[in-house]
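K.L.:
First the structure, which I've put down as structure tokens, then a few questions once you've had a look.
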Amino acid sequence: MKLIEQKRLHFKQGNSDKVYEVDLCELEAGAFLVNFRYGKTGGPLREGSKTPTPVDETKARSLYNKLLQDKMKKGYLDVSEKSQAKQVAAIQPPDKSLEGAEAQAAWILYHLQLAQLDPAAQKARNWKLSRVAWRAASLNIKAAGPYCWALFEQNHRGKSIDDMELYSLLWATAQLDTAVEDPSNLLTFWRSKKKAPTAKKLAPFVYWELADAAGQQALLEEELPKLPELWQKALDRKDNDALAYQLRKAKGDKSMEQAFAMLYLLSPAMPYCRKTLVEVICEMEFRPNSFRLLRRLFKMATFRKDAQFWGALAYRFEKASPQYRMPRRNNQYVWVSYNRMRPKDELKKENSRLAFSNLTKDYFSDYMRKELDQLGQKGNIAYVAMATSLLLQYDDSRDGRTDRREKNWRFDNKKQRWIASVYHYPSYSKELIFNEVLYANSQRYVYSPMKQEWVYGKHYDPDMPLPAPLSETKYADLWRQEPKAFLHLMAEAKSQKVLEFAHTAFMAHPEAKSLQKRLGLSYWKQLLSRPYQPLQTWALQEIVANYEKSGKPTAILLYLLDHDYAKAREQALAWLEADFFDYFADLDLVYSLLLHQRKDLRNWAQEALGRIVEVYEAAKRQALLGRLLGFLLRSGQDQQMLMTEVESLLKSYFVEETQQLSLDLIGKFLRLPLAQQQAFGLHLLKGHAAEATQIPFEDIQYLFGKTADYWRYGLELLRHSSEQKLLQEGDFLLGLLEHPEEDVRLASREVLAPLYAQNQAFAVTQMQALLRKLIRKEKIEGLHALFADILTSELEGHLAEVDRKFIFRLLNAKYAPAQELAAVLIDRYIPYDSLSVANTVRLANHEIVAVRELAWKMFKEQKDRMRYEREEALRLLDVDWADSRQFAFDFFGQSYTADDWNPSLMVGICDSVRQDVQQFGRQLITRFFEEEDGPMYLEQLSQHPRPELQLYATNYLERFGAGHPERILSLRDYFYTVLAQVNKGRMAKDRIWSFLTKEAKASFEVAQFLSDLATFISATAAIGDKEQAVIVLRDLQDQYPLLEQPIAIHDYPTQS
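Residue numbers for the sequence shown follow the UniProt record's numbering, so the first one is 1 and each next one is one higher.
What follows is the structure in structure tokens.
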């Protein structure tokens, strides 16, 4: 068997990679066979035959060619070497006679075919395949789509791949609406480890565009669980607030870039989240942490022609300020956020601190305009949607500047003079893409390249009529194809220029009337809120017509009354006046008007209410009253003006009804948080028809927690309350005695006084409570004095029942009124003799005068007892209070006789540390002195450390010490103590030196003691005392030459 001809076919699409080989063989002369083999590339091939029995050559070649044609129609390519060479040779460059778009398309298709069959030959022609594919997409050459997809399938499997080439091929495949039987290979490429990051980012978006609904749903189900868990929960619940919160937490986090991109990829299947997603994305800053994501999403929105996202992001790119200005030279530095860095080096870092320079901003500005222009040039209707979305982003309050005038001067060298150039800038002069969309063909507004702003044209006149609709706009034919875009702009635009453009264009459109008929009331309401008067006038006309046709519904009337447009409110008021009584029969309407946000409308409604409220039947008056009272009950701090007006209405037109209101309702008003509501509750309470005895006591109690107007009325109610009710509220009345206002305290005392007099048990209970309050800290200064005064006046007759222990608790309390009351109670109800003398002395040492006076009284009335227990009684002399000590001096000086005193007691008094007590003791000794007690006085008085008593002791030296050496020597410490004092006790010292000198002459023992004493003083004392000691030593030496002395006496010669 001889092989005559063989073909090798190859099919590659998606995961399918197959080979098909066909052979034409000669079995013998005139007998031919057609055999084939097929299977997966690289695997074993299965064999078959189209000729079970040999056939002639004509028949065999017919079967052979038919089989090849059938397979190649299914997408198989002839890859046999000779065939491929023939195909390459068959591809000829386009005819040079072609021009313009035909020539461009022909050359692009030529390069794509050549790249498919012979990549090296195409590369040798110096036109990158990525540029070829991108150009095919830009020119919208639909025939290039299958070639781009085939080239992607062919090229992305190689070991060496070009990222930008694959990116361009994918972009072109999708943009040219290429029909792909199985695009799942894109997901395989996306998830592979191929180093083509840019193409891999685009791949899932291309898949989404090429896949059918089932493929998109499969991708959604596969990728949605990979999003952050909290995002998934918010998406499952369709909770946009929670989703927005989570997205805002994640913005600026580089690790969340892929999650944001995936959410945007899947967002067409979840339209409820798109508004939230675009809001959060547009909040991101054009800074390193988030710029890469913004750029990626903007590119993908452009790829998808996603008008909603593209318009929002395009506006952000147009308005964002660059982070830094790129220097002219690569080695120059820039300062960003107080850091000095070189862009050339910084931008190469993975975590670069730089992003979005002035050059990047300029690039994206040009990119946006080019993308829009390409859509317009292709006649793509998506241009209208994307331009509409962009125009909706602009807001007069944020972007619209006022017109301005600028004069520039330049020197003309030829004319040798300065020439002024005046530029008039319209609002939005710096919004380049905004003006290019609206005024690219305008004569009114022109772009000034030198100023990089839009300026008024030379012949602009503000009074000139508007140009013909769409005459200033590029791609007017596309706009005319989408009149609904004008409706969209009119309903949502916030720029007067956009509204002017949309309104004039729509009114001139041939389908305007038919579209207008289909517009509902809600749309006209939207137009009425637009900041453009022609639209408002038009919308108001339509709303008025709708009002007349639909039976004058109140909802339309209220809507117009609420509107900011003055003519709308005038129209609504005219309707109200025309059908006054009909409308005011509707309480819902009346209520809405009385509480309307606009003061002028409220004033009108309040005046109108005065004309009709008198003719309302009782039930309707009650219903309106109830609604107004309900408003007052619900109102907050921000509605005080409305509350004042409603209160005025109630006081004017509903006097009788308010007098019969439920007291429970009035109590609710009194307890509301706002002072104005409470004041109205007080007004209702004062004007109520009920008597004081009918008013709940808790309401009366509440009044005392408020201001003067409230508690004064509360006091009035208390005075008119029944005795039985007051007796039941003893704790409250007692609490009023501690009220911050003195008038309340005094008035409540007046209320309590008759209750005390007529109800003993009540009085005792109150007395006990007041006594307990006396030993606690007072809430307001003077309360203890008030309580004590009540106890000693109104409750005086019940004080005998106070327990003895509690009296002493009062005495030991920290507060003076309690202690003074204790003094009164002790004086009245506790026998004096039941208190020990020591306790009586303690009373005399009390800080309260009344208590000390009580102790003095006890001493006076118990003289005999005090004389008998004189040791304890004499402790009165050492109390801290001078008045008690003075009382003691008088009491003991007058009440005690000589028989009551003895030297020990009197010397003990002198031992006191208090000078006045010492003086009293000396007086007693002098008054009751006995001769036989002299030595004892001398001995004991000499031991006192006080200089006064040391001096007093010298009075007894001569009488009881002279001639008694043993007594003198026993006073050794006394002498040393007195004479060793520095600069004090001079008189005592002189007396001692004189006494000892005289006694030394009579006694050697005394002389020897005096020698030792003088020697000690001479070594330690001051110079004055030293001199006296030396004189004494000298005199002793003269008298007792044999007495050892520490001095030597020398005679000095004198000259006459």
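From the three backbone atoms N, C-alpha and C, an ideal C-beta is built for every residue, glycine too.
Over the uninterrupted alpha helix (DSSP H) stretch that includes residue 245, give me the two end residues.
P.N.:
Working through the sequence shown from its first residue, we reach residue 245 at position 245. Taken as a continuous stretch (DSSP letters only), the alpha helix (DSSP H) holding residue 245 covers 240-250.
K.L.:
If I measure Cβ to Cβ from residue 5 and keep anything under 8 Å in the same chain, skipping five residues before and after, which residues do I get?
P.N.:
Position 5 of the sequence shown, counted from the start, is the residue given in the question as residue 5. Only 23, 24, 64 meet the Cβ criterion.
K.L.:
Taking the runs of the beta strand (DSSP E) that are 3 residues or longer, which of them lie wholly in the segment 6-77?
P.N.:
16-28, 31-40, 46-49
K.L.:
Going straight from the alpha carbon of residue 87 to that of residue 157, what length do you get?
P.N.:
Translated into the one-based positions of the sequence shown, residue 87 becomes position 87. Translated into the one-based positions of the sequence shown, residue 157 becomes position 157. With a pLDDT of 48 at residue 87, under the threshold of 50, the predicted position of this residue should be treated as unreliable, and no value is reported.
K.L.:
Please classify residue 852 as buried or exposed, where buried requires at least 16 other C-beta atoms within 10 Å of its C-beta.
P.N.:
Working through the sequence shown from its first residue, we reach residue 852 at position 852. By the neighbour-count rule (16 or more Cβ atoms within 10 Å), residue 852 is buried.
K.L.:
By DSSP, does residue 1052 sit in helix, in strand, or in coil?
P.N.:
On the sequence shown, position 1052 is the one that residue 1052 refers to. Three-state DSSP puts residue 1052 in coil, outside helix and strand.
K.L.:
How would you call residue 820, buried or exposed, if buried means at least 16 neighbouring beta carbons within 10 angstroms?
P.N.:
For the purposes of this step, residue 820 is identified with residue 820 of the sequence shown, where counting begins at 1. Buried, since its Cβ has 16 or more Cβ neighbours within 10 Å.
K.L.:
Give a yes or no on whether 8 Å exceeds the smallest Cβ distance from residue 607 to chain B.
P.N.:
Absence of chain B from the displayed structure is noted, only one protein chain being present.
K.L.:
Please identify the residue among 840, 314, 602 whose C-alpha is closest to the C-alpha of residue 371.
P.N.:
The sequence position of residue 371 within the sequence shown is 371, counting from 1. Closest by alpha carbon: 314.
K.L.:
From 973, 281, 308, pick the residue whose C-alpha is nearest to that of residue 296; which is it?
P.N.:
One-based indexing of the sequence shown puts residue 296 at position 296. Out of 973, 281, 308, 281 has the C-alpha closest to the C-alpha of residue 296.
K.L.:
Using the rule of at least 16 other Cβ atoms within 10 Å of the residue's Cβ for burial, across every protein chain shown, is residue 744 buried or exposed?
P.N.:
On the sequence shown, residue 744 is found 744 positions in, with the first residue counted as 1. Burial call: buried.
K.L.:
Would you call the segment 640-649 in contact with the segment 594-605, where contact means no fewer than 3 C-beta pairs closer than 8 Å?
P.N.:
yes
K.L.:
Is the CB-CB distance between residue 807 and residue 790 below 8 Å?
P.N.:
Locating residue 807 in the sequence shown gives position 807, counting from the first residue. Locating residue 790 in the sequence shown gives position 790, counting from the first residue. Contact: no.
K.L.:
With the cut-off set at 8 Å, would you say residue 872 and residue 837 are in Cβ contact?
P.N.:
Residue numbering aside, residue 872 sits at position 872 when the sequence shown is read from its first letter. Residue numbering aside, residue 837 sits at position 837 when the sequence shown is read from its first letter. For residue 872 and residue 837, yes; Cβs fall inside 8 Å.
K.L.:
According to DSSP, simplified to helix, strand and coil, what is residue 1026?
P.N.:
Locating residue 1026 in the sequence shown gives position 1026, counting from the first residue. Helix, per DSSP.
K.L.:
Tell me the rounded alpha-carbon separation between residue 1057 and residue 26.
P.N.:
Outside the displayed range of the chain (1 to 1056) lies residue 1057, so it cannot be described from this structure.
K.L.:
Taking contact to mean 3 or more Cβ pairs, one atom from each stretch, closer than 8 Å, check whether the segment 614-631 and the segment 560-577 are in contact.
P.N.:
no
K.L.:
DSSP state of residue 90, grouped into three classes?
P.N.:
Taking the first residue of the sequence shown as 1, we reach residue 90 at position 90. Per-residue confidence for residue 90 stands at a pLDDT of 48, beneath the threshold of 50, marking its modelled position as unreliable; the derived number appears in the next sentence. Residue 90: helix per DSSP, three-state reduction.
K.L.:
Is the segment 366-385 in contact with the segment 398-411, if contact means three or more CB pairs nearer than 8 Å?
P.N.:
no
K.L.:
List the endpoints of the continuous alpha helix (DSSP H) containing residue 773.
P.N.:
Here residue 773 is taken as the residue at index 773 of the sequence shown, counted from 1. Counting along the chain, the unbroken alpha helix (DSSP H) around residue 773 starts and ends at 760-774.
K.L.:
Can you tell which of 704, 149, 516 has its C-alpha closest to the C-alpha of residue 734?
P.N.:
As a first step, residue 734 is located in the sequence shown; it is residue number 734 there, counting from the start. Out of 704, 149, 516, 704 has the C-alpha closest to the C-alpha of residue 734.
K.L.:
Under three-state DSSP, which class holds residue 286?
P.N.:
In the sequence shown, counting from the first residue as 1, residue 286 sits at position 286. Residue 286 sits in coil when the DSSP states are folded into three classes, being neither helix nor strand.
K.L.:
How would you write the range of the alpha helix (DSSP H) that residue 445 sits in, first residue to last?
P.N.:
As a position in the sequence shown, residue 445 is number 445, starting the count at 1. No alpha helix (DSSP H) holds residue 445; the beta strand (DSSP E) holding it covers 445-448.
K.L.:
Does the structure place the segment 627-637 close enough to the segment 665-677 that three or more beta carbon pairs sit under 8 Å?
P.N.:
yes
K.L.:
Could you pull the DSSP bridge partners for residue 420 from this structure?
P.N.:
As a first step, residue 420 is located in the sequence shown; it is residue number 420 there, counting from the start. According to DSSP, residue 420 bridges with 409.
K.L.:
The beta strand (DSSP E) with residue 340 in it runs from where to where?
P.N.:
On the sequence shown, position 340 is the one that residue 340 refers to. Run containing residue 340: 339-341, per the beta strand (DSSP E) assignment.
K.L.:
Can residue 94 and residue 106 be called in contact, C-beta distance under 8 Å?
P.N.:
Within the sequence shown, residue 94 is the residue found at index 94, counting from 1. Within the sequence shown, residue 106 is the residue found at index 106, counting from 1. Taking 8 Å as the Cβ cut-off, residue 94 and residue 106 qualify as a contacting pair.
K.L.:
Would residue 434 and residue 394 be called neighbours here (beta carbons separated by less than 8 Å)?
P.N.:
Counted from its first residue, the sequence shown places residue 434 at position 434. Counted from its first residue, the sequence shown places residue 394 at position 394. Against a cut-off of 8 Å, the Cβ pair of residue 394 and residue 434 comes out as a contact.
K.L.:
I'd like the span of the alpha helix (DSSP H) that includes residue 460, first residue to last.
P.N.:
In the sequence shown, residue 460 corresponds to position 460, counting from 1. Membership of residue 460 in any alpha helix (DSSP H) is not indicated, and neither H nor E is assigned to it by DSSP.
K.L.:
Count the other CB atoms within 10 Å of the CB of residue 272; is the residue buried (16 or more) or exposed (fewer)?
P.N.:
On the sequence shown, position 272 is the one that residue 272 refers to. Exposed, since its Cβ has fewer than 16 Cβ neighbours within 10 Å.
K.L.:
How about residue 172 and residue 199: are their beta carbons less than 8 Å apart?
P.N.:
Locating residue 172 in the sequence shown gives position 172, counting from the first residue. Locating residue 199 in the sequence shown gives position 199, counting from the first residue. Taking 8 Å as the cut-off, the beta carbon of residue 172 is found no closer than this to the beta carbon of residue 199.
K.L.:
Near residue 460, what residues of its chain come up, given a Cβ to Cβ distance below 7 Å and the 5 sequence neighbours on each side ignored?
P.N.:
In the sequence shown, residue 460 corresponds to position 460, counting from 1. Around residue 460: 444.
K.L.:
Is DSSP giving residue 565 helix, strand or coil here?
P.N.:
Residue mapping note: residue 565 aligns to position 565 of the sequence shown, counting from 1. Three-state result, residue 565: coil.
K.L.:
Leaving out the 5 sequence neighbours to the left and right, which residues in its chain are closer than 7 Å to residue 541 when beta-carbon positions are compared?
P.N.:
Counting from 1 along the sequence shown, the entry for residue 541 is found at position 541. Closer than 7 Å at Cβ, skipping near neighbours: no residue.
K.L.:
If you count every other CB in all the chains shown that lies within 10 Å of the CB of residue 90, and 16 or more means buried, which is it?
P.N.:
Position 90 of the sequence shown, counted from the first residue, corresponds to residue 90. At residue 90 the pLDDT is 48, less than 50, meaning the model places this residue with poor confidence; the figure from the coordinates comes in the next sentence. Exposed is the call here.
K.L.:
Count the C-beta pairs between the segment 808-816 and the segment 769-781 that are closer than 8 Å, then say yes if the count reaches three, no if not.
P.N.:
yes
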